[in-house]
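Presented below is the structure to which this report refers.
Residue numbers (my numbering), protein chains in the order written: chain A, 61 to 497; chain B, 61 to 497.
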């Protein structure tokens, strides 16, 4: 933001004009916090934050009592032209994309929580930042109040990150936690999450992993100084997870979590979202309910974890306000948001190069040689086996749990394809990734 | 740092001159990382980082092989005058203080990991920053690689922090962890920590809590936008913790941790360092060995936790390098370290106003009325009791554990003073703070 855009009124603090696009749960909390703590923001940034308008689709919808009706407008584009800082909380691609591009190209500062937009159109947004000599902040786009965007974008600039693994979707973590602690089925836990407002009426974006994939793309781009789009991220959600699988994991000292995992290897970067088994001693295993956490492994720093509330109106508004205060401070005292850092241009690894481990549960014909046949399939696909646990079932079949060493996604997939057609395999009950030491 | 201080050489990246003061464990790692990953730092900051000298006390001491002997000098003051960024890793007050003040007053950027200097002379350093229009970064001063200084100084600027509670000394956490998990006495665990290099030959600064107190002062200053000196922080260390106390805690579902705790109340700020009992479900209870973690409770964000390695050459060097890369980026692209934010000028609470809870273990004369007498002391001092657990001992006395509700430090101290002289109390075995829900 150009300091020339700042209005100075006599001996008072200079004024920075803030426009809000969208007035849902988060936007309403941003308005409340702007109004309740104005003196704090002024003392910290050197500027008085003046909310000049709130763009909404329908001005007649009932709002929280602190939302000033006279500031509501349906003309977002005209509002942008009256602002120094544009806070975009509309979500989704359009009209958010067009409005954010307008603001950036016009040299304005944009603060957004829009993970879908960033993960699908990041390069276009960063090009608009350059074109407009503008600034783009997006702490609220990943993991709500947890300052992990700041962490990766700024405070770990002097280290080389090896892995980022996170629980970045509270809805799915709540569902998996309820399944683990109360023995619910996926459907039961989902209904409960919907009743409590943790899950949307259409839960697709959460339970199928698309929300986590967008965040994974953003985290990987920041961590590895490269470009990762949400389209580059293979996704598996949690619909297929059964109560039995969760309870078997608990019996084996493990938990099932939906993880966003990004790794840097010598060959490039792999970014994926999938349910995974973690040992219950892993720091992410203790992340309960709707909380989020991100574990970063860096060459010098070793393991770091950032933990907190990943969603909700007030926590997400905290991240938005922090970006707004930082932006206002930069406007007054000089400085900018970091520009896109994508200098490594690392290749994205395909399944033949992506390292992975799985745990496969099978039901085998209980005859001599069945296990040898299965082990033979693993061997022929070049997958080493770490452990095999076999139990006799009531129906005379044998239930076998096979955990692999690290192999590639492709060889593990081929192994499962062959197991499905192997005559001594009655059923492939589940295939789950394994993460953590 | 003024951009005019940057040397531009033709079409190459501009050069930022870095001087290192001190070449111990951390300093040596900083040199290694500067040399091994120069291209990364240049790509991220826009500047080539040129190490122009390393000030040491004695140039003849053997060094790691990557330390260039030709860069060693004993004239730190002259070296400073040749640098844009001065990295101070001498530690302690003098000569570090004089050299840092020289650099700041000369308009140079200082990156320091010197918690003792910051906690004792913060206002003087910040005044020198203003006088020289300089920049001061100190991520490495608190909790090593964990970006909690960044978190409090920048990424939570849009929230109001209520509590900061942290395990910020790895030595004492290692000792307490060994006492808890292996039943060692304090002396045994300390000797082991010394043998492994986790504790110094003179362990005073760690085990008596002074290192943690300096960090507590820095964290509280940042969290509450006020000034807190290490002299304002009451300290109790871990020398008095017995193996019995640690094992009794474990039996009650608790752990003993040395905590730095800073709280904002309506009346002001309290900052303290003391051993405390935490329920084993508290996120800090799971912090093992020499790891550090800081829990921040903020009005909007709720509970956040930052976790990682709090000490060691390489993790601390990660924090130093990140500050250096950020500072170089600011030199090239504009921007500054945040200036001191001390606008709240909150009063520091004395013991009569500081909220606290304790757990007291007593041995009582096993006669009717003993417990009533003890409870009477609590009542007369205005301290409510949350729970009482009584056990008969083999020697005919009764062992009683009394946990209070929240009272004040002063009333809890008066209660203990009176218990010591109460005729039915044979012994006050231990008095420990209680933190967490």
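Where is the CB? At the ideal position from N, CA and C, for every residue including glycine. Fair warning: this is a prediction, and the values are worked out from it, not measured in the lab.
*Taking the CB atoms as reference points, tell me whether residue 389 (chain B) and residue 88 (chain B) lie closer together than 7 Å.*
Counted from its first residue, the second chain places residue 389 (chain B) at position 329. Counted from its first residue, the second chain places residue 88 (chain B) at position 28. Not in contact: residue 389 (chain B) and residue 88 (chain B) (Cβ atoms no closer than 7 Å).
_On the CB-based measure, 16 or more other CB atoms within 10 Å of its CB, does residue 61 (chain A) come out buried or exposed?_
By 1-based counting over the first chain, the position of residue 61 (chain A) is 1. Bear in mind that the predicted position of residue 61 (chain A) carries a pLDDT of just 42, short of 50, making it unreliable; the figure below should be weighed with that in mind. Buried.
_Partners in chain B for residue 369 (chain A), counting only beta-carbon separations shorter than 9 Å_ = Position 309 of the first chain holds residue 369 (chain A). Near residue 369 (chain A) (Cβ distances below 9 Å), the residues of chain B are 361, 362, 363 and 364.
*Could you work out which residues of chain B lie near residue 393 (chain A), taking near to mean beta carbons separated by less than 9 Å?*
Here residue 393 (chain A) is taken as the residue at index 333 of the first chain, counted from 1. Under the 9 Å cutoff, chain B gives 395, 396, 398 and 399.
_Give the list of continuous alpha helix (DSSP H) stretches no shorter than 4 residues that lie fully inside the segment 139 to 208 of chain B._
156 to 165 and 175 to 192
*residue 390 (chain A): contacting residues in chain B (beta-carbon distance under 8 Å)*: Stepping through the first chain from its first residue, residue 390 (chain A) is reached at position 330. The answer, in chain order, is 395.
*asked:* Cβ closer than 7 Å: which chain A residues qualify as neighbours of residue 384 (chain B)?
replied: Numbered from 1 along the second chain, position 324 holds the residue referred to as residue 384 (chain B). Going along chain A in sequence order, the residues near residue 384 (chain B) (Cβ under 7 Å) are 218.
*Measure the alpha-carbon distance for residue 179 (chain B) versus residue 289 (chain B) and round it to whole angstroms.*
Your numbering for residue 179 (chain B) matches position 119 in the second chain. Your numbering for residue 289 (chain B) matches position 229 in the second chain. Cα to Cα, the separation comes out at about 5 Å.
*Which residues in the same chain have their Cβ closer than 6 Å to the Cβ of residue 441 (chain B), if we skip the five residues on either side of it in sequence?*
In the second chain, the residue the question calls residue 441 (chain B) occupies position 381. Taken in chain order, the residues that qualify are 471, 474 and 475.
_If I measure Cβ to Cβ from residue 291 (chain B) and keep anything under 8 Å in the same chain, skipping five residues before and after, which residues do I get?_
Position 231 of the second chain, counting from 1, holds the residue named residue 291 (chain B). If we look at residue 291 (chain B) and ignore the five residues flanking it on each side, its Cβ neighbours are 180.
*Is any beta-carbon of chain B found at less than 7 Å from that of residue 103 (chain A)?*
Taking the first chain and counting its residues from 1, one reaches residue 103 (chain A) at position 43. Chain B contact via Cβ: present.
_residue 381 (chain A) at chain B interface by Cβ criterion, 7 Å_ = Your numbering for residue 381 (chain A) matches position 321 in the first chain. It does: the Cβ of residue 381 (chain A) has a partner Cβ on chain B nearer than 7 Å.
*Cβ distance (whole Å) where residue 355 (chain A) is taken to contact residue 339 (chain A) below 8 Å*: Stepping through the first chain from its first residue, residue 355 (chain A) is reached at position 295. Stepping through the first chain from its first residue, residue 339 (chain A) is reached at position 279. So it is not a contact: roughly 13 Å between Cβ atoms.
*Counting only beta-carbon atoms, is residue 183 (chain B) nearer than 7 Å to chain A?*
Along the second chain, read from residue 1 onward, the residue named residue 183 (chain B) stands at position 123. Chain A, which has no Cβ nearer than 7 Å to the Cβ of residue 183 (chain B), makes this no.
*Out of B:207, B:205 and B:216, state which residue places its alpha-carbon closest to the alpha-carbon of residue 362 (chain B).*
Residue numbering aside, residue 362 (chain B) sits at position 302 when the second chain is read from its first letter. Comparing Cα-Cα distances from residue 362 (chain B) to each of B:207, B:205 and B:216, the minimum goes to B:216.
_So residue 346 (chain A) contacts chain B; which residues on that side make the cut at Cβ distance below 7 Å?_
Taking the first residue of the first chain as 1, we reach residue 346 (chain A) at position 286. Result: 346.
*Beta-carbon separation of residue 421 (chain B) and residue 483 (chain B) under 7 Å?*
As a first step, residue 421 (chain B) is located in the second chain; it is residue number 361 there, counting from the start. As a first step, residue 483 (chain B) is located in the second chain; it is residue number 423 there, counting from the start. Their beta carbons are not under 7 Å apart, which means residue 421 (chain B) does not touch residue 483 (chain B) by this criterion.
*Cut-off 6 Å between Cβ atoms - residues of its own chain near residue 124 (chain A), not counting five sequence neighbours on either side*: For this step, residue 124 (chain A) is matched to residue 64 along the first chain. Once the five neighbours on either side are set aside, the close Cβ partners of residue 124 (chain A) are 88.
*When the Cα of residue 381 (chain A) is compared with those of A:204, A:351, A:224 and A:117, which residue comes out closest?*
Along the first chain, one-based indexing puts residue 381 (chain A) at 321. The option with the nearest alpha carbon to residue 381 (chain A) is A:204.
_Euclidean distance between Cα positions of residue 114 (chain B) and residue 94 (chain A)_ = Reading the second chain from its first residue, position 54 is the one you call residue 114 (chain B). Reading the first chain from its first residue, position 34 is the one you call residue 94 (chain A). Going from the Cα of residue 114 (chain B) to the Cα of residue 94 (chain A) covers about 47 Å.
*Could you spell out where the beta strand (DSSP E) holding residue 458 (chain B) opens and where it closes?*
Within the second chain, residue 458 (chain B) is the residue found at index 398, counting from 1. Residue 458 (chain B) -> beta strand (DSSP E) spans 458 to 464.
*Which of the residues in the segment 180 to 207 of chain B, read from start to end, lie with their CB under 9 Å from any CB of chain A?*
199, 204, 205, 206 and 207
_Can you tell me which residues form a DSSP beta bridge with residue 330 (chain B)?_
Here residue 330 (chain B) refers to the residue found at position 270 when the second chain is read from its first residue. B:323.
*Given residue 132 (chain B), which residues of its chain have a CB within under 6 Å of its CB, disregarding the five upstream and five downstream residues?*
Sequence index remark: in the second chain, residue 132 (chain B) carries index 72 (1-based). Once the five neighbours on either side are set aside, the close Cβ partners of residue 132 (chain B) are 114, 116 and 119.
_Nearest-angstrom Cα separation, counted from residue 462 (chain B) out to residue 499 (chain B)_ = This structure leaves residue 499 (chain B) out entirely; chain B is present only between 61 and 497.
_Could you tell me the alpha carbon to alpha carbon distance between residue 153 (chain A) and residue 358 (chain B), rounded to whole angstroms?_
Numbered from 1 along the first chain, position 93 holds the residue referred to as residue 153 (chain A). Numbered from 1 along the second chain, position 298 holds the residue referred to as residue 358 (chain B). Near 31 Å, if we compare the C-alpha coordinates of residue 358 (chain B) and residue 153 (chain A).
*So which residues on chain B does residue 100 (chain A) lean against when the C-beta distance must stay under 7 Å?*
Within the first chain, numbered from 1, the residue matching residue 100 (chain A) stands at position 40. Those within 7 Å of residue 100 (chain A) in chain B are 220.
*Residues in its own chain within less than 7 Å of residue 496 (chain A) by CB, not counting five upstream and five downstream?*
Position 436 of the first chain, counted from the start, is the residue given in the question as residue 496 (chain A). Closer than 7 Å at the Cβ level, and outside the excluded window around residue 496 (chain A), lie 338, 339 and 342.
*Answer yes or no: does any C-beta atom of chain B fall closer than 7 Å to that of residue 62 (chain A)?*
In the first chain, counting from the first residue as 1, residue 62 (chain A) sits at position 2. Confidence in residue 62 (chain A) is poor, its pLDDT being 40 and thus under 50, which makes the residue's placement too unreliable to answer from.
_N-terminal and C-terminal residue of the beta strand (DSSP E) that residue 450 (chain A) is part of_ = For the purposes of this step, residue 450 (chain A) is identified with residue 390 of the first chain, where counting begins at 1. Residues 445 to 452.
*DSSP state of residue 95 (chain A), grouped into three classes?*
The sequence position of residue 95 (chain A) within the first chain is 35, counting from 1. Residue 95 (chain A): helix per DSSP, three-state reduction.
*Within 7 Å of chain A by C-beta, residues of the segment 66 to 97 of chain B in sequence order*: 93 and 97
*Local conformation of residue 269 (chain B) per DSSP, three classes*: By 1-based counting over the second chain, the position of residue 269 (chain B) is 209. Note: residue 269 (chain B) maps to coil in three-state DSSP.
*Three-state secondary structure (DSSP) at residue 264 (chain B)?*
Locating residue 264 (chain B) in the second chain gives position 204, counting from the first residue. Helix at residue 264 (chain B).
*Show which residues of chain A have a CB atom less than 7 Å away from the CB atom of residue 374 (chain B).*
Residue numbering aside, residue 374 (chain B) sits at position 314 when the second chain is read from its first letter. Residues of chain A passing the Cβ test: 360.
*For residue 143 (chain A) versus residue 112 (chain A), is the C-beta spacing smaller than 7 Å?*
Within the first chain, the letter at position 83 stands for residue 143 (chain A). Within the first chain, the letter at position 52 stands for residue 112 (chain A). Their beta carbons are under 7 Å apart, which means residue 143 (chain A) touches residue 112 (chain A) by this criterion.
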